[in-house]
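All remarks here apply to the structure that follows.
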Amino acid sequence: MNIRNDFPILQRSSRGKPLVYLDNGATTQKPQSVIGAIENYYRSHNANVHRAAHELAEEATALLEACRSKAKTFINATQREEIIFTRGTTEGINLVAQVISSRIKPGQDIVISQLEHHSNIVPWQLLAQRTGANIKAIDITEAGDLDLNDAANVITDNTAVLAISHISNGLGSVNPITGLIAQAKQVGALTLIDGAQAVLHADIDVQTLGCDFYVFSAHKMFAPTGIGILYGRLELLNSLPPWQGGGEMIDQVSIDTSTYQQAPFRFEAGTPNIAGCVGLGAAFDYLDNLPMQTLIEQEERLVAKALSGLRQIPGLQIIGEPENRASVISFLLEGSHPNDVGTLLDQQGIAVRSGHHCNMPLMTRLGIPGTVRASFSLYNNDDDVTALLNGVEKAATFL
Ligand SMILES: Cc1ncc(COP(=O)(O)O)c(C=O)c1O
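For the sequence shown, numbering that gives the first Met the number 0 begins at 0 and goes up steadily by one.
Structure below.
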């Protein structure tokens with residue numbers, strides 16, 4: 000199954016060579032249907048939403064609210080009102096860390112893990128500084144999985160929040176979040192799942208997971224940058240204070256005081272990223288029409304092929320051998336800095352990521368400066384794997 004022709008950018012070259020795009024963990028490319036939907040919105044429907052009585056405003060509002068409904072279906076939320084538009088994962092986590100402040104008592108624990116992206120660390124540090132809470136991190140095993148024995152020790156009656164990633168962006172580990180959420184709920188903690196890497200690589204069902212919050216970014220699932228989703232349990236959302244004040248989030252305003260809308264509008268002050276929502280809506284439609292099972296199996300085959308090929312290269316070390324891996328492979332070449340490997344691959348038209356991947360605590364834990372990371376998506380093919388393997392071999396001889 001070949002969907003490459005849906006993605007115009009994949010036809011271009013890079014550094015004079017055919018583009019081999021293996022930086023999907025950072026962001027995915029966009030299909031023509033998403034690009035076209037955004038253009039069509041600006042050409043034919045552009046207006047502000049929820050406000051005016053005219054036809055264009057009605058159309059723009061319908062497009063935005065249709066995206067909310069599609070997001071609800073995508074993650075199996077119970078109600079549309081549980082879907083809040085944000086700028087992305089980072090903003091979603093910051094929003095939650097702000098609005099739950101008054102629920103956190105000094106000395107309580109906020110539990111994260113060693114695998115987290117900085118955006119699932121720093122907002123909690125800020126919350127801890129404001130409230131006098133402590134940050135605790137679940138350790139990892141040698142293989143790069145969450146250490147569940149450690150989790151059992153770290154999640155205690157003193158835990159106020161558990162915030163962990165569904166899939167690690169650094170190592171590709173798929174975390175056993177269902178069990179961890181259950182443990183956290185048993186001790187009465189709030190639970191947030193960072194789903195940034197999971198949107199194209201895992202089934203997301205927030206009702207089955209039972210988490211309080213689930214966040215993700217649209218740009219990692221073929222949609223534009225600057226738009227994302229925060230899911231929250233409706234009853235919980237409506238019991239929390241707003242985080243930003245402004246238009247749209249209010250019920251009544253006087254000079255001295257205001258009352259607020261219910262969720263989701265309570266958390267959506269100001270004009271939203273309407274074109275982003277239109278693009279995200281088109282991405283949901285695009286995914287709906289793909290044979291996902293076939294494409295996921297194809298991606299898994301490519302990741303396995305790349306892994307076994309990389310393992311044959313002398314001096315190459317795969318970083319992280321998680322039991323359950325999504326489409327991320329991190330590696331190092333003996334005696335070489337990851338950035339040098341990344342540069343040599345770039346010269347061959349191969350786009351990978353090198354560095355700490357916003358995982359500084361993970362890299363410190365592993366005792367390495369960073370890794371080279373190849374991350375796959377549904378449009379990658381065997382030629383991409385061959386190019387990666389040849390490229391790394393060439394880099395290895397050069398370095
Ligand atoms: C696991 C994880 N969490 C959070 C983020 C932050 O996402 P964004 O920059 O879209 O807010 C990323 C981005 O790479 C990620 O991989």
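Note that the Cβ used here is the ideal one computed from N, Cα and C, for glycine as well.
All of these numbers come straight from a predicted model, not from anything done at the bench.
Secondary structure of residue i, DSSP reduced to three states
i       : result
Gln-251 : strand
Tyr-285 : helix
Arg-79  : helix
Asp-345 : helix
Ile-37  : helix
Asp-5   : helix
Ser-216 : strand
Val-198 : coil
Enclosing alpha helix (DSSP H) for residue i [first to last residue]
i       : result
Phe-397 : 381–397
Asp-149 : 147–153
Ser-307 : 291–310
Ile-111 : Taken as a continuous stretch (DSSP letters only), Ile-111 belongs to no alpha helix (DSSP H), being part of the beta strand (DSSP E) at 108–112.
Cys-66  : 54–74
Gly-178 : 176–185
Thr-363 : 359–365
Pro-122 : 121–130
Proximity winner among the options, relative to residue i (alpha-carbon distances)
i       : options                               : result
Ala-395 : Val-33, Leu-170 and Leu-331           : Leu-331
Asp-382 : Asp-193, Val-19, Ala-282 and Asp-5    : Val-19
Pro-105 : Gln-78, Tyr-378 and Ala-127           : Ala-127
Val-121 : Gln-196, Arg-42, Ile-92 and Ala-25    : Ile-92
Tyr-40  : Lys-184, Pro-263 and Ala-56           : Ala-56
Ile-443 : Asp-22, Lys-16 and Gln-28             : No statement about residue 443 is possible, as the shown extent of the chain runs from 0 to 398 and does not include it.
Leu-306 : Ser-329, Leu-208, Ile-295 and Asp-287 : Ser-329
Val-205 : Ala-181, Gly-143, Pro-223 and Thr-224 : Ala-181
Ile-103 : Ala-142, Arg-352 and Leu-189          : Leu-189
Phe-375 : Phe-212, Leu-199 and Leu-191          : Leu-199
Tyr-378 : Leu-236, Leu-344 and Pro-290          : Pro-290
One or two residues paired with residue i in a DSSP bridge
i       : result
Tyr-20  : Ala-350
Thr-190 : Leu-161
Gln-316 : Leu-331
Ala-373 : Ile-328
Asp-211 : Bridge partners of Asp-211: none, in fact.
Thr-85  : Gly-227
Ser-12  : Pro-17
Chain B contact for residue i (CB, 8 Å cutoff)
i      : result
Thr-85 : Included in the structure is just one protein chain, with no chain B present.
Counted within 10 angstroms of its Cβ, other Cβ atoms place residue i as buried (16 or more) or exposed
i       : result
Asn-358 : buried
Ile-37  : buried
Phe-73  : buried
Phe-221 : buried
Asp-156 : exposed
Ile-8   : exposed
Glu-115 : buried
Val-252 : exposed
Segment limits, beta strand (DSSP E) that includes residue i
i       : result
Lys-135 : 133–137
Val-48  : No beta strand (DSSP E) contains Val-48, which DSSP labels as neither H nor E.
Ser-257 : 257–259
Ser-326 : Here Ser-326 belongs to no beta strand (DSSP E), and DSSP marks it neither H nor E.
Gly-231 : 227–231
Ser-167 : It is not in any beta strand (DSSP E) - Ser-167 carries neither H nor E in the DSSP assignment.
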